[in-house]
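Everything below concerns the one structure shown next.
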Amino acid sequence: MSKGSVVVIDNGAGLCKAGFGGDMDPIAVVPNSLGRSANSKRWLVADELRAADADVTSVSLRRPFDRGYLVNPELQREVWERVLRTLLRVDPARSSLLLVEPLFNPLAVQRTTDEIVFEDLGFRSLCVADSPSLVHLYEASRRTDCQSHSQCSLVVDCGFSFTHAAPVVHNFTLNYGVRRLDLGGKALTNYLKELVSYRSVNLMEETLIIDHAKEKLCFVSLDVPRDLRLARRSGKDNPFKCTYVLPDGIEHTNGYVKDFDEARRYLSLPYESSSTDLGLKEEVSPSQHNAEKSVEQRRIDLTQNEFTLTNERFLVPEMLFRPSDLGMNQAGLAECIVRAVNACHPLLHPVLFGRYIILTGGSSLFPRFAERLERDLQPLVPDDYQVKITSQEDPILGVWRGGSLLASSPEFESMCITKSEYEEIGSPRCRRRFFH
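When the letters of the sequence shown are read in order and numbered with the working numbering, they come out as residues 522 to 957.
Okay, structure coming up:
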């Protein structure tokens, strides 16, 4: 095992990213969960779920997190034990830990986390940070300008359970300005499961497979009414139609996209043109459409190991932008961002709106996500503000890289609480010493 070092863990509800401070990338990016297939009695932990020989069909998942917060400490300890002992091969007794916790983490969960870190794992010291501060720190370190406004940013974290819009000033998250959308990658996956199961094949128990299909095939529409009309077309006239092949357990242990180039035809569609320029005047008549639909229904074979996606590809990410269209009593992502900025001092508005809106999190990886958000935001802000959105180079690793940067700074040890301090005064909140 390695000698004394700083371990950095970005402990997300979906993925756990772990590595050493000072490194550019984490060593381990693994599911923060345990899983067991229907044909096995053994629970697979973290990276074992992504092994080449792992059976991902009908996997029962157990997650330490629920709705964004830790609810099962025993599962979390098991995942961390696997990551630390097997993947990082580190000795916690000779190491410090930088842990990324969710915003507004309840006090009881914080105390439970301290117990796992110091009593179960035996780390030498602990420092806790939140994801918006670390994203801001990492992006600020990459900027060439040294002006004062570079110390302000609005971090939009599209995570597994929630989507947060958080203003950050001088590496400090303004908690009073944080706004949360109760939608994330998990909700999008569940919605896609429902659509596919209702329209073609029952895949309600295939979370890992549907999650993979979502990541590979879903995208954000810039013109939903127009794309819905295009999605009604049949055959090759439908630019969104694609096929996902399910694993057979013999040749393919994981699902895959059939003809990936064909599935990406939608990227060549122009969005600036009007609907008439694209030939949409030639709408299919209702009788013709119903006839084609009945023919397609007769062709459905429920025994086949594949399913077809069309409008589901852009309707699933649309949840983040227009949740009210699905009957949810929530504002969309653009409105959430506006509320977060308006909660801050007016002098920060032109900086946050016009310069540094930073996208991070796995759900921001959908194609055209930033462009759609910019289009939705512009009508909601004053006319003299020009909205500018920055996507991270790797939104999944952005938080961890900020943590790695912080862990390698000279001030890091002064931000930590040691194990001896913990044993003396219990689980103090003074360990949350934000860096400036």
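Built from N, CA and C at the ideal position, the CB exists for glycine as well.
For residue j and residue i, the rounded distance between their alpha carbons
i	j	result
residue 841	residue 672	28 angstroms
residue 570	residue 577	7 angstroms
residue 910	residue 661	15 angstroms
residue 811	residue 890	Confidence is the limiting factor: at residue 811 the pLDDT is only 49, short of 50, which leaves the residue's position unreliable, though a coordinate-based value still follows. Using only the alpha carbons, I get a separation of about 33 angstroms.
residue 699	residue 861	6 angstroms
residue 946	residue 582	37 angstroms
residue 593	residue 584	8 angstroms
residue 772	residue 779	15 angstroms
residue 604	residue 641	14 angstroms
residue 897	residue 856	9 angstroms
residue 588	residue 682	6 angstroms
residue 745	residue 900	17 angstroms
residue 846	residue 718	21 angstroms
residue 747	residue 663	39 angstroms
residue 759	residue 839	19 angstroms
residue 903	residue 867	12 angstroms
residue 917	residue 895	21 angstroms
residue 639	residue 656	26 angstroms
residue 874	residue 835	26 angstroms
residue 863	residue 920	25 angstroms
residue 545	residue 534	22 angstroms
residue 827	residue 723	11 angstroms
residue 579	residue 777	16 angstroms
residue 731	residue 931	44 angstroms
residue 837	residue 854	14 angstroms
Beta carbon of residue i nearer than 9 angstroms to that of residue j
i	j	result
residue 972	residue 528	Outside the displayed span of the chain (522 to 957) sits residue 972, for which this structure offers no information.
residue 550	residue 591	no
residue 586	residue 618	no
residue 742	residue 893	yes
residue 829	residue 935	no
residue 696	residue 625	yes
residue 713	residue 735	yes
residue 614	residue 653	no
residue 851	residue 704	yes
residue 620	residue 844	no
residue 536	residue 923	no
residue 548	residue 608	yes
residue 943	residue 635	yes
residue 572	residue 565	yes
residue 690	residue 869	yes
Residues that residue i bridges to, as DSSP identifies them
i	result
residue 830	763
residue 544	Answer is none; residue 544 lacks a bridge partner.
residue 685	678 and 701
residue 556	565 and 582
residue 881	678
residue 911	879
residue 673	690
residue 939	646
residue 537	532 and 551
residue 651	622
residue 735	Per DSSP, none; premise fails for residue 735.
residue 617	527 and 646
residue 591	586
residue 777	766
Reference residue i, options the options, closest by Cα
i	options	result
residue 908	606, 652, 725 and 858	858
residue 595	553, 942, 903 and 536	553
residue 753	831, 920 and 775	831
residue 574	835, 770 and 866	770
residue 599	623, 628, 683 and 568	568
residue 767	633, 931, 561 and 728	728
residue 739	755, 726, 774 and 781	781
residue 693	566, 751 and 674	674
residue 486	750, 906, 887 and 827	Coverage of the chain is limited to positions 522 through 957, which leaves residue 486 absent and any answer about it impossible.
residue 833	751, 579 and 559	751
residue 684	885, 933 and 928	885
Cβ of residue i within 9 angstroms of any chain B Cβ
i	result
residue 916	Although the question refers to chain B, the structure presented lacks it and comprises just one protein chain.
Contact the segment 673 to 683 vs the segment 868 to 881: 3+ CB pairs below 8 angstroms
yes
The segment 707 to 723 / the segment 909 to 927 touching (three or more Cβ pairs under 8 angstroms):
no
Using 8 angstroms as the Cβ pair cut-off and three pairs as the minimum, do the segment 935 to 947 and the segment 637 to 652 touch?
yes
When the Cβ atoms of the segment 778 to 785 are set against those of the segment 750 to 769, are three or more pairs found closer than 8 angstroms?
yes
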